[in-house]
Structures are given as structure tokens and as C-alpha cells.
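Below you'll find the structure, written out as C-alpha cells, and then a few comments.
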Amino acid sequence: MAEARAQAGLPLVGRRAVVSGAASGIGAAAVASFVAAGADVVGLFHTTPPPDELKELCEWAACDVRDRGSVDAAFDQAASVLGGIDVLLHAAGGWWPGAPESLSDDEFDLVVDTNLRSTVITNQAAFAHMRHSGGQIINLGSAEGIRGNPMAPHYAMAKAGVHAWTRSVAAAWGRSGVTVNALAPAVSTRNAERLWEHLGEETAAVFKEQLRARMPLRGELGDPDTDLGPVMVFLAGPGARFMTGQLIAVDGGLHMLGA
């Protein structure tokens, strides 16, 4: 029956997925996409509770992804609810501006802990539940981790760390049947809004015009649900079982990795 449903367009039937940062943005898109594809999902949230339209889609657990004890407890809870864990989509993270010459310890710690430390901790927790049965881990990288960003050097550094971590654990965990890949999306989220706010109305308008000139497809940020959702479903499904250690840009051709 599960095979028939998968062939009918539900490729994640029988898959048990945990999504961090699930109450908004890319995480919320992952929840909706995974559920629509037939997966059973537990969404993790921290300070922002899930909106009404998401509450009924899956089970929910509170989790501070920067804290190992909180993460381990949330993953144990998720595994108990789901009967195991096959997929982790780690979408929790955040972008904040900062100047290289005046970056404070608090600014550095917040961004690195929220983006890089959280990736390490959640991946380790997922692997503990996948190591004997296999699974698929999907992290969120960024083109800023490749090209750098003078407006947010700590964020660029953290995402570069996510890329290196993803490749490292992909090599280490492949023998256990666990794949680890990362996405570098350019989609409309709260982090993108923070960038526009930081730039100011006039500079943001110039930036968006440059985006229209440089991006081959559409010329504007994508939609988390319709543009990124299908890619996340693919990486969580059987079609991606022979892919690992990859950084995949989903950004309208803005960055052509490996070119």
C-alpha cells in the first residue's frame, strides 16, 4: 500500500521526519511539503509557536536548538511519537547584521550558536536515532558562506562552517546509510526581511534591481513553499539516496556552484 501511494505522488509515505525552526519560514514550508508528500512529521519550535494553519498538520515539540539537553530531549520525544526518525530538516537559524571591525562577543555568539552550533547538535541527535537504520539529514547553508558578506561576517562564517560540517559528517556517516546534504536557497523569509531593513528603503531598492539583473530565473527571491518545498521533499525521499555531502543552490541561478 505504501509503495502504491508513493507511486501516486506521495514519495514520503512511511518517512518519519523532524523539522527544526518549523513554525515559520523555510521550516514551515518543509512541514507543509513533507506532510503533503505523505510523511509523518514532528515540528520543533522555540520562542515562536506554530501558527494555527500549521498546528494540525503535525506533532510539535519545544526545543532550543542551541542547547544540547533541549535538543536531545526533543529528538527523544519525536522518536517516541513517530516510532523512529528517518529525516531531519534543520531549518532553524537566523541572519543578523554586524560590522567586521566592531563585532561584539555577544553578536558573534548569537549568530554562530544559532546557525553552526545548532547544526552540529541537531545532526548528532538525529544520527543517534539513524545510525542503525539509515536516514537523510538536510542542513541549511548559504551562498554567503561561499562568497562572504561584509555586512554579516559572523553569519557568512557560520554558514561556511555548516558547509564544512555537512561534507565532514557525510563522509563519516555514509557507512551507516545516513546521507547529509545542504541547501543554499534564495527565498523570501524573515532573514531576507532583516536584510532589507538593514539596508534601508533606498539601498534595498538598488539591491533588488541588481538581483533582477543577475538572477537568470525570475529575478526575485523564490517562494519557500513552491520553489524550495519540492527540493526538500526530493532530498528527504528515495530519489536522493545516492547523494551526500552536496551543497545545492536553489536560487534561480544566482550562484552556479561548481561552475
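Counting with numbering that gives the first Met the number 0, you get residues 0 to 258 for the letters of the sequence shown. Built from N, CA and C at the ideal position, the CB exists for glycine as well. Please read these numbers as outputs of a predicted model, since none were measured by experiment.
Sequence-distant residues of the same chain with beta carbon closer than 7 Å to residue i, five excluded per side
i    : result
C57  : V30, V34, V40, V41, G42
V111 : H153, A157
T47  : A22, S23
A28  : P223, D224, L227, G228
L81  : R15, D39, V41
W94  : A151, Y154, N190, R193, L194
F206 : L198
G147 : A155
G97  : E106, A151, P152, H153
Closest residue to residue i among the options (Cα-Cα distance)
i    : options                : result
L246 : G236, A191, S167, P237 : S167
D51  : A22, G238, L234        : A22
V18  : F241, A235, G251       : A235
T243 : L227, N138, L81, A127  : N138
V186 : A204, G134, M150, G252 : G252
G26  : T202, G92, H128, V177  : G92
W59  : A36, R65, D75          : D75
G133 : G8, D250, A248, P237   : P237
P99  : E55, A127, P149        : P149
M231 : G199, A61, P184, P215  : P184
G160 : L220, G221, H197, T118 : T118
H281 : V205, G20, V177        : Lying before the first or after the last residue shown, residue 281 is absent from the chain, which here runs from 0 to 258.
A127 : F107, G83, T165        : G83
G173 : M129, A142, E200       : M129
Close Cβ partners of residue i (< 8 Å) along its chain, the five nearest in sequence each way excluded
i    : result
H162 : G140, G144, I145, A181, L246
H131 : S175
R213 : L253
A3   : Below a pLDDT of 50, predicted positions are generally treated as unreliable, and A3, at 48, falls in that range; the measurement from the model is reported next regardless. If we look at A3 and ignore the five residues flanking it on each side, it has no Cβ neighbours.
Residue interval of the beta strand (DSSP E) (run including residue i)
i    : result
H89  : 86-89
R146 : First-last for R146: 143-146, but that is the alpha helix (DSSP H), not the beta strand (DSSP E).
Identity of the residues DSSP links to residue i by a beta bridge
i    : result
A151 : Paired residues: none, contrary to the question.
T270 : As displayed, the chain neither begins before 0 nor continues past 258, which places residue 270 out of reach and without an answer.
H135 : According to the sequence shown, residue 135 is Gln rather than His. DSSP lists V86, T178 as partners of Q135.
A60  : L43
P184 : V249
G221 : V186
R15  : D39
Cβ-based neighbour list, residue i, same chain, cut-off 6 Å, excluding 5 preceding and 5 following
i    : result
I136 : L87, N122, A125, V179
D63  : H45, S69
A5   : Here A5 scores only 49 on pLDDT, less than 50, and its place in the model should not be relied on; the value that follows carries that caveat. The residues are V12.
A203 : W195
A248 : A183, H254, L256
D71  : A124
N-terminal and C-terminal residue of the alpha helix (DSSP H) that residue i is part of
i    : result
S79  : 67-81
T202 : 200-213
T121 : 117-129
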